[in-house]
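Each step along the sequence shown adds one to the number in the UniProt record's numbering, with nothing skipped, and position 12 is 12. All C-beta atoms in this analysis are idealised placements derived from N, C-alpha and C, irrespective of residue type, glycine included. Below: one structure, written as structure tokens.
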Amino acid sequence: MVAELPYDELQAALDDPPGYRNYWSAEHLESLPDEVCAAVRPWSTGAVYLNFIGDEGHSRVVSGFGTEGYVRPAEVKARYDAANLFRRNHNVAPA
Numbered sequence: 001m002v003a004e005l006p007y008d009e010l011q012a013a014l015d016d017p018p019g020y021r022n023y024w025s026a027e028h029l030e031s032l033p034d035e036v037c038a039a040v041r042p043w044s045t046g047a048v049y050l051n052f053i054g055d056e057g058h059s060r061v062v063s064g065f066g067t068e069g070y071v072r073p074a075e076v077k078a079r080y081d082a083a084n085l086f087r088r089n090h091n092v093a094p095a
């Protein structure tokens, strides 16, 4: 018997292990225990890739630039955008 099979059903049939179908969503990491995250934290630099954060607050933006690296963009922002007109995305607050 030959029949049409919707793509998502075909993909689900080939999905091994479940959760890897959409690897961008990282569904497979939701079950990662907090103990594992805490155990590997000593090897973390604490830095963050700015393209992967949402609205997580000022401290995460500073982590993305690095403490020393954040100073210069803040100074430039204070000089050219003191009113903070351009504040969407990962906002650098004027110094």
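Query: Chain-order list of residues whose beta-carbon lies under 6 Å from that of K77 (same chain, five-residue window excluded); Result: V92, P94
Query: H58 in three-state terms, based on DSSP; Result: helix
Query: Exposed unless 16 or more other CB atoms sit within 10 angstroms - verdict on S63; Result: buried
Query: 8 Å Cβ cutoff met for H90 and V61; Result: yes
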